Amino acid sequence: MAVPVADALSPALPDDDAVAARRFPRAHGLMRTLEITIPAAVLLVLLFFCFIWPVVYPVPKPTGGSILNAGLPMWSPGHIFGTDTVGNDIMARILYGGQISFEVAAAVQVIGLVVGGLLGMVAGYQGGPLESVLMRTLDVFIAFPSLVLVLAIVDSLGQSELNVIWALSAFSIPAFARVARAGTLRLRDQPFVVAARLSSAKPWRILSGHVVPNLMPQLVTFSLLGAGVTIILEGALDFLGYGIPDPAPSWGKEIAVGQTMLSVRPSLVIVPSIFLFVTVVCLNLMGDGLRARWGVRS
Amino acid sequence: MTPPAAANGASRPGGGDVLLEVRHLVQEFVLRDYGGAKGGVLQAVSDVSFGLCAGETLGIVGETGSGKSTLARSVIQAPPPKAGAVIFEGKDLVGLSSRAMKPVRRHLQIVFQDPFTSLDPKWAVSRIVAEPLVAYAIGSRRERRDRVNALLDLVGLDPARYGRRHPRELSGGQAQRVAIARALVLEPKLILCDEPVSSLDVLVQAQVLNLFEKLRSDLKLSYLFIAHDLALVKQVSDRVAVMYLGKLCEIGPVRDIYRQPLHPYTLALLASIPSPTPGKRVTRGVISGELPSPLNPPSGCRFRTRCPRAQDRCAAEAPELRAVGGQGHLVACHFPLTGGSSTPAESTAVRR
Amino acid sequence: MTRPLGQRVRRVAATTAGAWSAARDEPAPSGPEPGAAPLLDVAGLRVRFRSHGRAVHAVQGISFTVEPGQTVAIIGESGSGKTVSAYAVMGLLPRTAHVFGSIRFKGVELVGRSERDLQQHRGRNAAMVFQDPERSLNPTMRIGSQITEAVRRHLPLDRKEAQERAVELLGMVRIPTPERRFYEYPHQLSGGMRQRVVIAIALACKPALLIADEATTALDVTTQAQIMDLLLDLQQELGTALLMISHDLALAASYAEEVIVMYAGRVVERAAARDLFGSVRMPYTRALLNAIPRTELEPHVLLPVVGGLPPDLSAVGPGCPFAPRCPDAQQDCQRLTPPLEEHEIGHWWACWHPCEGGPGEGGPGGAKEAAQ
Chain A
1 MAVPVADALS PALPDDDAVA ARRFPRAHGL MRTLEITIPA AVLLVLLFFC
51 FIWPVVYPVP KPTGGSILNA GLPMWSPGHI FGTDTVGNDI MARILYGGQI
101 SFEVAAAVQV IGLVVGGLLG MVAGYQGGPL ESVLMRTLDV FIAFPSLVLV
151 LAIVDSLGQS ELNVIWALSA FSIPAFARVA RAGTLRLRDQ PFVVAARLSS
201 AKPWRILSGH VVPNLMPQLV TFSLLGAGVT IILEGALDFL GYGIPDPAPS
251 WGKEIAVGQT MLSVRPSLVI VPSIFLFVTV VCLNLMGDGL RARWGVRS
Chain B
299 MTPPAAANGA SRPGGGDVLL EVRHLVQEFV LRDYGGAKGG VLQAVSDVSF
349 GLCAGETLGI VGETGSGKST LARSVIQAPP PKAGAVIFEG KDLVGLSSRA
399 MKPVRRHLQI VFQDPFTSLD PKWAVSRIVA EPLVAYAIGS RRERRDRVNA
449 LLDLVGLDPA RYGRRHPREL SGGQAQRVAI ARALVLEPKL ILCDEPVSSL
499 DVLVQAQVLN LFEKLRSDLK LSYLFIAHDL ALVKQVSDRV AVMYLGKLCE
549 IGPVRDIYRQ PLHPYTLALL ASIPSPTPGK RVTRGVISGE LPSPLNPPSG
599 CRFRTRCPRA QDRCAAEAPE LRAVGGQGHL VACHFPLTGG SSTPAESTAV
649 RR
Chain C
651 MTRPLGQRVR RVAATTAGAW SAARDEPAPS GPEPGAAPLL DVAGLRVRFR
701 SHGRAVHAVQ GISFTVEPGQ TVAIIGESGS GKTVSAYAVM GLLPRTAHVF
751 GSIRFKGVEL VGRSERDLQQ HRGRNAAMVF QDPERSLNPT MRIGSQITEA
801 VRRHLPLDRK EAQERAVELL GMVRIPTPER RFYEYPHQLS GGMRQRVVIA
851 IALACKPALL IADEATTALD VTTQAQIMDL LLDLQQELGT ALLMISHDLA
901 LAASYAEEVI VMYAGRVVER AAARDLFGSV RMPYTRALLN AIPRTELEPH
951 VLLPVVGGLP PDLSAVGPGC PFAPRCPDAQ QDCQRLTPPL EEHEIGHWWA
1001 CWHPCEGGPG EGGPGGAKEA AQ
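Chains as they are written, first to last, in my numbering: chain A, 1 to 298; chain B, 299 to 650; chain C, 651 to 1022.
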């Protein structure tokens, strides 16, 4: 008998009749599945094109274009999206730029989840002075206006993809830590964790066996939603000129460069924008869908 | 100082030794206002003392705000009480480090009210039951598996069918059986049962109660059985203690309490139980008013604001628990109900 | 854990919503008139939900009546369909529920009505009191305002008159110092008091039927006794019919005139309270009675139990739903579904091999304990 998946942070759907809730789950199975699988499929297609396609198919290089090719319009032979002002193939720039966007997003989220999640979990479980110190330190980072902080970091470290990742991680780590701490606090008082403590299980066992598996759904959905934000932030950085260095492409950079020619060649802006938009929407839909399916509280 | 057995009414059925002794237990919670400032102190358990012998079941009854669940948590030191002593197998648990508590916990286990929050939803049943064994590093993998299977059989769950399931694939009764199996795996002497059947349906409740009884006699267990249902508590207990707003009102052998309640609150509880005899309306006038705020309990006897027998002395002086009536039957009341019938002074109203 | 806001609003609406058009203050009915049509007539009610591609038959053809001023209890465990039936009578089921059959209130058919008509029906004709008073009251509104809101939905009163009426209602539900309590918030009241406020709101428009869905389950036993006394006194005063939904058989015995026992979406026994408890027929009812701990019993006695679990409502087949667990089951019980019939005057049951009558203690197949 199918029952909605539940974890300790979000027990089965509330209803007057607890058993009835297990028998009449409100999640509409098929709709929820589509909500997750379609965006996931789209993302997979995008990932394929960004990472695998250039390896198997001779895509023109994104840099070092010849000025003779400059300004070709969309649908030109050999250049599906045309070329930019210096002769680079736009499609190539989109694909390689997408690599950067996805890499940065993935790296930032993973760092956030691992480091931030760990810090938050430890802080939430231990409590006391350790928690205060950790959380207040992270609060400092959160208190800064986001973009200012990121700009400051990139400025001091220098422009490179790696530094962009560090800079954006300064954000994701406190965010994950907050979420992990809140979740851990809730879990810590759950009877099954109390029961584990009463069975004299060691704290690390409790954390790894009980807290982490029940925290993961929340953290994973958070990371999907965060990935979208990260891509946009990275784009904003490039837009401002603080992102990855020239001549490497990225979606934000394309939009930034293209917007000077918006009236003449709108496709320079529109094409990368569409890719950005679709990616973020798919990440959000997946995040929401998984959240609903796993019954995670926001 | 009176010897413990007389002071707290511990009887000795079957000649068992005193297993658990609680002395002057106090548990408080500090309420925080916004901004973390200290808002007020809630004394959930106030100076409670009682004893429990090996092999006996002590039922603790009370309504909302009585402090019975808090009492249970204090006994297992989660969190430790503010004051008082909890002497288990001769050792005072209050103030013990977690390292020193470890051997104690083998003999003192707890079963919670809601099995679905007391079992990790992501763990399989056999892993849940094996967890205490793993924590104490007892036995090899095979030995643990065998022990888990034996326990699952003991609680009426076929290990082959249920071992791999997750809690959400179980019914309430089945999940509670898993919780009981987990509590038994370390061979405890005393199990604290915090409303273990309150969340179960009637028929399943009876099954689980029978299981508790069977285990009690087979494994020679002692229970501290906490419930809000007086009839339920009578089913399983040798002695019963009644709590109100953090204080112990009455404690004594189960038959005495039910046949001859001495405290007006006990009488009110008994009178309020609907009985499956048609048309027998609950008697009126045994209790009035609302539960006072636990933050600001009434002076003197805490029950006086709702007691039909309250006098001036009740407001001035808090009654002590003293022996009245039969052996081991203690009551904290200035004007306990005299022996004889258990009907109150007011006439019973039989409806329709 | 808070319910979604929509649900909370809906619940408050269920007890307060009434006609958007002006409604007249109907005089309270003076009690059952002989030969009058039943107030509530449920016939062949079926409710089906769709879940994960399967149909769950929550209610499978139940029929019962409630006379004006009568107290009827519907008893059942989780999954018996009692709550779903109550919601169906109030028109509160979500759109995912398919309702068939007939629910007639004062002769007017409710099944298939529009939401607008149902809103008129709710609060004015029938009101519901739910289990958890915390979920039924708006925590951000003073309780006085919540009552006046209900009052003014139905009655053309101005603010002052509505306030007076609200204070009057608070007094009627025996809340001390109602003039002061009027201005308090729900969190300042105890559980019992909150439930009284909910009852006051429910009775604001003097409905002919009050449905109490496990209204006292979340309360202490002493408070429960007080609230039940209150409900019955109010019933006498206002002539309201009371439909109690509960899992507590003892509560039904003490307070109801007629008891309906439901199992797996069907009515399995129905009789006047003294007949039901005096001579139990359906083995399921007997099992329920046997399973209740009673103060008359000696301690440490094993209760007679039946093993097993209620059936899966998405896989409904022929035969009595209780047959797999019934200690008295025979061959025909598994194959043929027993119909609910009036085998004795006023005592209906659906069983091929009913018990011999007599109070439910022990009896054949008594102490059978089985693991699932």
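The C-beta atom is built at its ideal place from N, Cα and C for all residues, glycine as well.
Because the structure is a prediction, the values reported are computed rather than measured.
Asked                                                                                                                                                                                                               : Found
Can you look up Q533 of chain B in the DSSP assignment and give me helix, strand or coil?                                                                                                                           : helix
Quick check on this structure: which residue in B:P457, B:W421 and B:C612 has the alpha carbon closest to the alpha carbon of H464 of chain B?                                                                      : B:W421
Please look up how many angstroms separate the CB atoms of Q533 of chain B and L947 of chain C, rounded, as I've assumed it's under 8 Å.                                                                            : 7 Å
Answer with buried or exposed for E994 of chain C, where buried requires no fewer than 16 other C-beta atoms within 10 angstroms of its C-beta.                                                                     : exposed
Between P576 of chain B and chain C, is the shortest Cβ-Cβ distance under 7 Å, so that the two count as touching?                                                                                                   : yes
Is it right to say R396 of chain B is buried, meaning 16 or more other beta carbons lie within 10 angstroms of its own, or is it exposed?                                                                           : Just to set this straight, residue 396 of chain B is Ser in the shown sequence, not Arg. So S396 of chain B counts as exposed.
Looking at C-beta atoms only, is the number of pairs between the segment 588 to 604 of chain B and the segment 345 to 358 of chain B that lie closer than 8 Å three or more?                                        : no
Does the structure place the segment 781 to 793 of chain C close enough to the segment 760 to 771 of chain C that three or more beta carbon pairs sit under 8 Å?                                                    : no
Looking at C-alpha atoms only, which residue of C:H771, C:C970, C:R975 and C:C976 is the closest neighbour of Q984 of chain C?                                                                                      : C:C970
So, with DSSP's three-state summary, where would you put G258 of chain A?                                                                                                                                           : helix
Give the DSSP-derived three-state secondary structure of A614 of chain B in the structure shown.                                                                                                                    : helix
Taking the alpha-carbon of G252 of chain A as reference, which of A:L219, A:R93, A:I38 and A:W53 has the nearest alpha-carbon?                                                                                      : A:R93
Given this structure, state the Cα-to-Cα distance separating L952 of chain C from D418 of chain B, to the nearest angstrom.                                                                                         : 31 Å
Please report the Cβ distance between I910 of chain C and I725 of chain C, rounded to the nearest whole angstrom; I am assuming they are in contact, meaning their Cβ atoms lie under 8 Å.                          : 7 Å
Are three or more beta carbon pairs between the segment 917 to 927 of chain C and the segment 709 to 716 of chain C nearer than 8 Å?                                                                                : yes
Closest to A70 of chain A by CA distance: which of A:W294, A:C282, A:P272 and A:L268 is it?                                                                                                                         : A:L268
Is the Cβ of S367 of chain B closer than 7 Å to any Cβ of chain A?                                                                                                                                                  : no
Return yes when at least one heavy atom of the ligand NAP lies under 6 Å from the C-beta of V909 of chain C, else no.                                                                                               : In the structure shown, the ligand NAP is absent, as is every other ligand, since no ligand is present at all.
What residues in the segment 771 to 788 of chain C bring their beta carbon closer than 9 Å to a beta carbon of chain B?                                                                                             : none
Using the C-alpha atoms, what's the distance from E485 of chain B back to L47 of chain A?                                                                                                                           : 55 Å
Going straight from the alpha carbon of E387 of chain B to that of P401 of chain B, what length do you get?                                                                                                         : 11 Å
Mind checking Y96 of chain A: buried by the 16 CB within 10 Å criterion, or exposed?                                                                                                                                : buried
Whole angstroms is fine: what's the gap from A800 of chain C's alpha carbon to R700 of chain C's?                                                                                                                   : 34 Å
What three-state label does DSSP hand W294 of chain A in the structure shown?                                                                                                                                       : helix
Name, please, each residue of chain B whose Cβ falls closer than 9 Å to the Cβ of E727 of chain C.                                                                                                                  : D499, V500, L501 and V502
Using the Cβ count rule (16 or more neighbours within 10 Å means buried), how would you classify S263 of chain A?                                                                                                   : exposed
According to DSSP, is Q876 of chain C helix, strand or coil?                                                                                                                                                        : helix
Quick check: what's the CA-CA separation for I489 of chain B versus L317 of chain B?                                                                                                                                : 12 Å
Could you work out which residues of chain A lie near F410 of chain B, taking near to mean beta carbons separated by less than 9 Å?                                                                                 : P191, F192, V194 and A195
So which residues on chain B does H837 of chain C lean against when the C-beta distance must stay under 9 Å?                                                                                                        : Here the premise fails: no neighbours, minimum Cβ distance about 12 Å.
Using beta-carbon positions only, say whether L449 of chain B and V483 of chain B come within less than 7 Å of one another.                                                                                         : yes
For the segment 862 to 869 of chain C against the segment 825 to 836 of chain C, do three or more pairs of beta-carbon atoms, one drawn from each stretch, fall closer than 8 Å, so that the two count as touching? : no
Which residues mark the beginning and the end of the alpha helix (DSSP H) in which P217 of chain A is found?                                                                                                        : V212 to L240
Using a Cβ-Cβ cut-off of 7 Å, state whether S904 of chain C counts as contacting chain B.                                                                                                                           : yes
Helix, strand or coil for K366 of chain B? Go by DSSP, reduced to three states.                                                                                                                                     : helix
How would you write the range of the alpha helix (DSSP H) that S701 of chain C sits in, first residue to last?                                                                                                      : Careful: S701 of chain C lies outside any alpha helix (DSSP H), inside the beta strand (DSSP E) at L690 to S701.
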